[in-house]
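Each residue of the sequence shown is one higher than the one before, counting from 1 in the UniProt record's numbering.
Idealized CB from N, CA, C, for every residue including glycine.
None of these values were measured; they are calculated from a predicted model.
Here's the structure, in structure tokens; my notes come after.
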Amino acid sequence: MSPAQDRSTGARRTRRADSSTTPAPAAAEGHGDAAEPLEALSASGVADEPAVAALAAGTQLGRIPVLDVGPVVDGGRWPARAVVGEPVPITATVFREGHDAVAATAVLVRPDGAVGAWARMALTVPGTDRHEAVLAPDAPGDWGLRVEAWSDPYGTWEHDATIKIGAGVDTALMLEEGARVLERALELPGRSDTDRKVLSEAVTGLRDTSRPDEARLAAGTSRAVHDVLADLPLRDAVTASQTYRLRVERERALFSSWYEFFPRSEGAHFDEERGRWVSGTFATAARRLPAIAAMGFDVAYLTPVHPIGRVNRKGPNNSLESGPLDPGSPYAIGAAEGGHDALHPDLGTFADFEAFVGEARAHGLEVALDIALQAAPDHPWVTEHPEWFTTRADGSIAYAENPPKKYQDIYPLNFDNDPDGIYAEILRIIELWVSHGVTLFRVDNPHTKPVQFWEWLIREVNSRHPEVVFLSEAFTKPAMMHTLAKVGFQQSYTYFTWRNAAWELREYLTQLTTESAHYMRPNFWPTTHDILTPTMQYGGPAAFKLRAVLAATMVPSWGIYTGYELVEHAARPGAEEQLDNEKYQYRPRDFERAEAEGRSLAPLLRRLNEVRREHRALQLLRGTTFHAADDENFIAYSRRFVPAANQEGQEDHVIVVVNLDPHAVRETTVHVDMPAVGMDWHDAYEVEDLLTGAVWTWGAHNYVRLDPFTQPAHVLHVRRR
Numbered sequence: 001m002s003p004a005q006d007r008s009t010g011a012r013r014t015r016r017a018d019s020s021t022t023p024a025p026a027a028a029e030g031h032g033d034a035a036e037p038l039e040a041l042s043a044s045g046v047a048d049e050p051a052v053a054a055l056a057a058g059t060q061l062g063r064i065p066v067l068d069v070g071p072v073v074d075g076g077r078w079p080a081r082a083v084v085g086e087p088v089p090i091t092a093t094v095f096r097e098g099h100d101a102v103a104a105t106a107v108l109v110r111p112d113g114a115v116g117a118w119a120r121m122a123l124t125v126p127g128t129d130r131h132e133a134v135l136a137p138d139a140p141g142d143w144g145l146r147v148e149a150w151s152d153p154y155g156t157w158e159h160d161a162t163i164k165i166g167a168g169v170d171t172a173l174m175l176e177e178g179a180r181v182l183e184r185a186l187e188l189p190g191r192s193d194t195d196r197k198v199l200s201e202a203v204t205g206l207r208d209t210s211r212p213d214e215a216r217l218a219a220g221t222s223r224a225v226h227d228v229l230a231d232l233p234l235r236d237a238v239t240a241s242q243t244y245r246l247r248v249e250r251e252r253a254l255f256s257s258w259y260e261f262f263p264r265s266e267g268a269h270f271d272e273e274r275g276r277w278v279s280g281t282f283a284t285a286a287r288r289l290p291a292i293a294a295m296g297f298d299v300a301y302l303t304p305v306h307p308i309g310r311v312n313r314k315g316p317n318n319s320l321e322s323g324p325l326d327p328g329s330p331y332a333i334g335a336a337e338g339g340h341d342a343l344h345p346d347l348g349t350f351a352d353f354e355a356f357v358g359e360a361r362a363h364g365l366e367v368a369l370d371i372a373l374q375a376a377p378d379h380p381w382v383t384e385h386p387e388w389f390t391t392r393a394d395g396s397i398a399y400a401e402n403p404p405k406k407y408q409d410i411y412p413l414n415f416d417n418d419p420d421g422i423y424a425e426i427l428r429i430i431e432l433w434v435s436h437g438v439t440l441f442r443v444d445n446p447h448t449k450p451v452q453f454w455e456w457l458i459r460e461v462n463s464r465h466p467e468v469v470f471l472s473e474a475f476t477k478p479a480m481m482h483t484l485a486k487v488g489f490q491q492s493y494t495y496f497t498w499r500n501a502a503w504e505l506r507e508y509l510t511q512l513t514t515e516s517a518h519y520m521r522p523n524f525w526p527t528t529h530d531i532l533t534p535t536m537q538y539g540g541p542a543a544f545k546l547r548a549v550l551a552a553t554m555v556p557s558w559g560i561y562t563g564y565e566l567v568e569h570a571a572r573p574g575a576e577e578q579l580d581n582e583k584y585q586y587r588p589r590d591f592e593r594a595e596a597e598g599r600s601l602a603p604l605l606r607r608l609n610e611v612r613r614e615h616r617a618l619q620l621l622r623g624t625t626f627h628a629a630d631d632e633n634f635i636a637y638s639r640r641f642v643p644a645a646n647q648e649g650q651e652d653h654v655i656v657v658v659n660l661d662p663h664a665v666r667e668t669t670v671h672v673d674m675p676a677v678g679m680d681w682h683d684a685y686e687v688e689d690l691l692t693g694a695v696w697t698w699g700a701h702n703y704v705r706l707d708p709f710t711q712p713a714h715v716l717h718v719r720r721r
């Protein structure tokens, strides 16, 4: 039997795995042990017949080299990441000796081992030997990806025959060789009768001596022949790379809009008769859910809801002295009423919590809960498991510090004294909250706990509850942030909060959408309950508007802290955080009055989330191109969705231009990189501003004027003519 076959020189094509004409990819993973030959490739996937790619003893390459396959995380130590329907670029360097044509096929492998999709790979840049194809997994689970390199007998013949017949060299020989190549292709298993007819007629045409040589050659190189071989190519010496892991999760792991609030502030009020504050409850907090959903958010994120310690309780603005009626920080978890597995009695019961979750779901919201793995001095853990903490030389338990910051009301966990006990307890807590309807967890300061622990915990939780999403709140060194993402965190806070200049944003977003896009999913927050940058302190409503546009359109996940829509920007002197920080006191707000008086940003936030849901380009991480602007106070970028080879759907293209100066009206010319967005330099196209409805005709160079006080940005949908 002849070695495995398959080849085509036509346009990139693909077939779904359930297609009756789908050729089967090679089943072998890599070349196995270097001392043994590569096993025969199975005919059950893309390969049409069993094939052997010989491997010499002691070598590290198969018959055709397949190098630098991607996306791969640290050589395959951890799986690359994707979500259902996300186009995944699969890349590899493929070449061979001599001048024969070589090609490659990208393959997605389903969790059950069946072929999910495959596509012919294209050269990214001619002469580089770097190939790429884009495929999209269509279901969650632990998938695989690989690249199959192959010698291309049809491509080799077509190239040589075109040159030789044109020069009148070996004409009869080249035509006969072409006929024999197509006869081989004609006999491949899975070939349809219609396709057999096309190839049979081509063979006849190549051998028809009554026709001119050029006509005979044209019969063997027609578009119809190319199309048939694109669907089921002829491949020789098929050499498969190793199959690398690809973890595919639900869409929420990549695309989400978060709204953070303190449930105790919703409905909180001052009781004049008793002279004290009355906490909000889950029932009063639920009244806020319709407005959150109306703004288009899909995640309602709650700060910790557990009992709050009384020992060393903090007062307003993180003061060391607290009064008997001060509520304390919800991050100082644990008191006589319980710890991480209990609810603060002021908020309600577990029945009340489940009612809140049910109300959220009724409005299309998922509930995220803050997980802060630390304890107040009166947490039950402190007496029941003192070994879980660090004891100092004087016998006291060390409280949390991040010099110069001190957190006297919090004891950090020490994971080294009883790791088995701590691991088991935290898994129990996560399971408890999942059982009460929590599907997302925002993890406070994960970088202060062992990375090994997070890898274990997230694996354990997701093996039982694959729908659960973990967001890492780690504003720390890049190595830690990226490793937390690699070991399992589905989403990550980022440095976006501190990136303000156009060059900073371009540099950072380029990294996030290229280098780390296959494992780290950024979540952009303009502010948090802990962070209020100088830009937000002094930029006024314009800064809040422009930063919301950036966060909502640069990456698929973003979030705001409640009060953002009210432009709360008063800072505590000498600190990058809110004055009268809600962590230490109740903070009720009159959202309805602010909106009625036109002081609320809720309409802008609502429209941004509507645009995100309407445009596929804004739901994905990859596909960003930056464009030049004459004024460096502007940033211009486009987000583009092009369906993967195995996807239906239309291309979606959005261009965003933002005036980064919150203090002045500015004008500039934006120079669109036309080839980078799939257009020629002379093309004209129509754009619709999705924020205002205005329509313009654009080209490569476009005048822009933006007033930060009324409209700091254009979010433009490209409508091609």
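DSSP state of Pro478 mapped onto helix, strand, coil: helix
Tyr538, DSSP secondary structure in three states: helix
Proximal residues to Pro643 (C-beta, below 6 Å), its chain only, five neighbours per side dropped: Gly649
Minimum Cβ-Cβ distance from Val677 to chain D less than 8 Å: No chain D appears in the structure shown, which is made up of a single protein chain.
Per-residue DSSP class, three states only, for Gly358: helix
Those runs of the beta strand (DSSP E) which lie wholly inside the stretch 217–290 and span at least 3 residues: 236–240, 244–249, 256–261, 269–271, 276–278
Beta-carbon proximity list for Glu651, same chain, < 8 Å, skipping 5 on both sides: Arg640, Phe641, Val642, Pro643, Gly678
Proximity of Val225 and Leu199 at Cβ, strictly below 8 Å: yes
Neighbourhood of Thr697 by C-beta distance below 7 Å, restricted to the same chain and skipping five residues each side: Ala684, Glu686
Proximity below 8 Å, CB of His306 to CB of Gly339: yes
contact_flag[the stretch 445–465, the stretch 311–322] where n(CB pairs < 8 Å) is 3 or more: no
As assigned by DSSP and simplified to three states, the class of His447: helix
Residue(s) in a DSSP beta bridge with Ile635: Val658
Residue environment, Ala27, which counts as buried when at least 16 other CB atoms sit within 10 Å: Note that Ala27 scores 43 on pLDDT, short of 50, meaning its location in the model is unreliable and no value can be drawn from it.
Residues of its chain near Val657, where Cβ-Cβ distance is below 6 Å and the 5 sequence neighbours each way are ignored: Ala636, Val670, Val704, His714
Residue environment, Thr624, which counts as buried when at least 16 other CB atoms sit within 10 Å: buried
CB of Ala119 within 8 Å of CB of Leu135, strictly: yes
Between the CA atoms of Gly62 and His31 - distance to the nearest angstrom: No answer about His31 holds up, because its pLDDT of 33 lies below 50 and its placement is not dependable.
Between the CA atoms of Leu217 and Ala172 - distance to the nearest angstrom: 10 Å
Neighbourhood of Asp142 by C-beta distance below 8 Å, restricted to the same chain and skipping five residues each side: Pro79, Pro111, Arg245, Leu246, Arg247, Val248
Buried versus exposed, by CB contacts within 10 Å (16 or more), Leu41: Confidence at Leu41 is low in this model, with a pLDDT of 31, below 50, so the placement of that residue should be treated as unreliable; the coordinate-derived value is given next. Label assigned to Leu41: buried.
At least 3 beta-carbon pairs within less than 8 Å: the stretch 561–574 vs the stretch 600–620: yes
Ranges of the alpha helix (DSSP H) found wholly within the stretch 487–518, counting only runs of at least 4: 502–510
Pair within 8 Å by beta-carbon distance, Phe470 and Thr494: no
Exposure of Ser192, with buried meaning 16 or more beta-carbon neighbours within 10 Å: exposed
Arg73 versus Ala82, Glu387, Val66, residue with shortest Cα-Cα distance: With the sequence shown as reference, residue 73 is identified as Val, and Arg is not the correct amino acid for it. Comparing Cα-Cα distances from Val73 to each of Ala82, Glu387, Val66, the minimum goes to Ala82.
Gly155, enclosing alpha helix (DSSP H) - first and last residue: 153–167
Counterpart residues of Arg130 in DSSP-defined beta bridges: Thr93
In DSSP terms, what Phe441 is bridged to: Leu369, Phe470
Spatial neighbours of Pro675 in its chain, beta-carbon cut-off 6 Å, leaving aside the 5 residues before and after: none
Three-state secondary structure (DSSP) of Pro588: coil
Nonlocal neighbours in the same chain, by C-beta distance under 7 Å from Arg720, ignoring five residues either side: Tyr685
Beta-carbon separation (whole angstroms), His482 vs Ser516, contact threshold 8 Å: 6 Å
Asp341 to Ile429 span [Cα, whole Å]: 6 Å
Selected residue, minimal CA-CA separation from Gly267, among Pro588, His627, Arg250: Pro588
The stretch 357–374 contacting the stretch 289–303, beta-carbon criterion three pairs below 8 Å: yes
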